[in-house]
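Take a look at the structure below.
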Amino acid sequence: MERKIPLARPDITEAEIEAVVEVLRSGVLSIGPRVQEFEERIKKFTGRRHAVAVNSGTSGLHLLIRAYGIGEGDEVITTSFSFVASANCILFERAKPVFVDIDPSTYNLDVSLIEEKITPRTKAILPVDVFGQPVDMEAIMEIARRYGLVVIEDSCEAIGSKRRGKLAGTAGDAGVYAFYPNKQMTTAEGGVIVTDDDRVAELCRSMRSQGRAVTGTWLHHERLGYNYRMSELHAALGVVQLKRLPEFIRRRQEVANRYRELLAGVEGVVLPAVAEDVEVMSWFVYVVRFLPPLNRDRIMEYLLSRGIECKPYFPPIHLQPFYRELGYREGDLPVTEEVARQTLALPFYNHLTREEQEYVAEEVKKAVSLC
Ligand SMILES: *Cc1c(COP(=O)(O)O)cnc(C)c1O
101 MERKIPLARP
111 DITEAEIEAV
121 VEVLRSGVLS
131 IGPRVQEFEE
141 RIKKFTGRRH
151 AVAVNSGTSG
161 LHLLIRAYGI
171 GEGDEVITTS
181 FSFVASANCI
191 LFERAKPVFV
201 DIDPSTYNLD
211 VSLIEEKITP
221 RTKAILPVDV
231 FGQPVDMEAI
241 MEIARRYGLV
251 VIEDSCEAIG
261 SKRRGKLAGT
271 AGDAGVYAFY
281 PNKQMTTAEG
291 GVIVTDDDRV
301 AELCRSMRSQ
311 GRAVTGTWLH
321 HERLGYNYRM
331 SELHAALGVV
341 QLKRLPEFIR
351 RRQEVANRYR
361 ELLAGVEGVV
371 LPAVAEDVEV
381 MSWFVYVVRF
391 LPPLNRDRIM
401 EYLLSRGIEC
411 KPYFPPIHLQ
421 PFYRELGYRE
431 GDLPVTEEVA
441 RQTLALPFYN
451 HLTREEQEYV
461 AEEVKKAVSL
471 C
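Heads up, the sequence shown is in my numbering, so the first residue is 101 and it goes up one at a time.
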């Protein structure tokens, strides 16, 4: 039989199915108690004063860019080694993403390169916790305080990760988590904003629902808003998944440990490096790097032919076609570009079995000897 091992797979039990069916039976499909419950639980989990649930991580990032008044003529310092949404949210408001290069070990943005990019137009820093690894928020907040910048943490890949006692997403002015099905926990589609800032939370709450005042009537619109609401079905799914998150994080750590054991010492293969002061790593994906003369693309072709789904994570944002049209160029970010040519995400999910991982590891070793 032809084998097929997917890259990612959500972990859905009867409890999630029942929770969603119960919402369907209740007749309240939007703006109801489940979204409130989900927000309460996120608040409790993160310790932040506010949680605003939205229909995607991208929506959450967009609302924060607007809530902080970032717009035309403003610059936001961020990373190009990320999912495209973390820079698109800046473009939505006609502000300019200013990319800094990354640390070749953790793949997070290189904090020592931030200051040289700050100009009088810089309004904010938007760091990303890449692949689940929390960025050095202490250093970023220190720079932000000195220059009076806002910090929006894109923790869409890092719910539950902890560094120096701080959960990812809770050290900046605001943070966002995302719940697409390949994330650690899912609401099918969805995201949530967390912040201690009352004004920003209220603005986000209003803008996610057509600019209504939080206490106003249905057809009174105080400001330009969107329909970025999370539905009751999605929130019910999220409540169950959030309860199971500690179990997910534990399982994913076990899967990561097994890959480390199975792939250790393969010449030219660099395994993920977690910074020493990361106490909890909530693994999003498992990304390995193939050093020259190994050829990542040929290795990927081989693995795909063996039924192993794998993807280059990430093609740099600044080299996407519409970013090139904005003037970003190959050569702008040498470390990002080099890493991006060499990295590959392997199958990674809660219930990946040892036997499946052994198969993946054997095939990776064969690919390395052939490519
Ligand atoms: C998943 C993700 C998002 C948000 O994605 P949505 O599909 O809109 O929920 C944003 N930034 C990063 C880095 C992500 O990985």
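Think of the CB as a built atom: it goes at the ideal place given N, C-alpha and C, for glycine as much as any other residue. Here the structure is a predicted model, which means the values were calculated and not measured.
- About 6 Å separates the Cβ atoms of VAL235 and LEU209, confirming a contact at the 8 Å cut-off.
- Apart from the 5 residues on each side of it in sequence, TYR168 sits with its Cβ closer than 6 Å to the Cβ of VAL250 in its chain, given in chain order.
- GLU175 sits in a strand when the DSSP states are folded into three classes.
- The stretch 415-460 is shown to contain whole beta strand (DSSP E) runs of 3 or more residues at 443-446, in chain order.
- Here ARG396 is near ARG441, since their CB atoms are less than 8 Å apart.
- The distance from the Cβ of GLN233 to that of VAL378 is about 6 Å, consistent with a contact at the 8 Å cut-off.
- Between ligand 1 and VAL228, a heavy atom-to-CB distance of less than 7 Å is present.
- Distances from the alpha-carbon of HIS418 to those of ARG149, LYS465, VAL198 and LEU342 put VAL198 closest.
- If you ignore the 5 residues before and after LEU394, its C-beta comes within less than 7 Å of the C-beta of GLY368, VAL468 and CYS471, all in its own chain and listed in chain order.
- The beta carbon of VAL211 sits closer than 7 Å to the beta carbons of ASP236, ALA239 and ILE240 from its chain, once the five residues preceding and following it are set aside; these are given in chain order.
- Ranked by Cα distance from GLY325, the first of SER306, ILE112 and VAL340 is SER306.
- With a threshold of 7 Å, the Cβ atom of CYS256 counts as near ligand 1, since some heavy atom of the ligand is closer than that.
- Going by beta carbons, PHE181 and ILE214 fall outside the 8 Å limit.
- When distances are taken from the beta-carbon of SER331 to the heavy atoms of ligand 1, even the shortest one reaches 7 Å or more.
- Straight through space, the alpha carbons of GLY265 and GLU462 are spaced by roughly 37 Å.
- Relative to ligand 1, the beta carbon of TYR280 is positioned inside 7 Å of a heavy atom.
- Relative to VAL135, the option among GLY171, LEU333 and ARG424 whose CA is nearest is LEU333.
- Put simply, of LEU164, GLN457, GLY316 and LYS343 the residue whose alpha carbon is nearest the alpha carbon of ASP298 is LEU164.
- In the structure shown, ASP254 falls within a strand segment according to DSSP collapsed to helix, strand and coil.
- Contact between the stretch 435-451 and the stretch 379-390 is present, with at least three C-beta pairs closer than 8 Å.
- Per the C-alpha coordinates, the member of VAL276, VAL439 and ARG109 positioned closest to ARG148 is VAL276.
- Boundaries of the alpha helix (DSSP H) around GLY157: 157-167.
- Residue state for LYS262 is assigned as strand, using DSSP reduced to three classes.
- Counting along the chain, the unbroken beta strand (DSSP E) around GLY275 starts and ends at 274-278.
- Excluding sequence positions up to five before and after VAL292, its CB lies within less than 6 Å of the CB of ILE142, ALA151, ALA153 and TYR277, all in the same chain and listed in chain order.
- At a cut-off of 4 residues, the continuous stretches assigned as alpha helix (DSSP H) that sit fully inside the stretch 377-409 are 396-405.
- Among the bridge pairs identified by DSSP, PRO197 is matched with VAL176.
- Per DSSP, VAL355 is one residue of the alpha helix (DSSP H) stretching across 332-363.
- With a cut-off of 8 Å on Cβ pairs, the stretch 405-414 is not in contact with the stretch 344-357, counting fewer than three such pairs.
- For THR178, the shortest separation between its Cβ and any heavy atom of ligand 1 does not lie below 7 Å.
- In the DSSP assignment, THR146 falls within the alpha helix (DSSP H) that extends over 133-146.
- Distances from the alpha-carbon of HIS320 to those of ALA187, LEU161, SER309 and ASN155 put SER309 closest.
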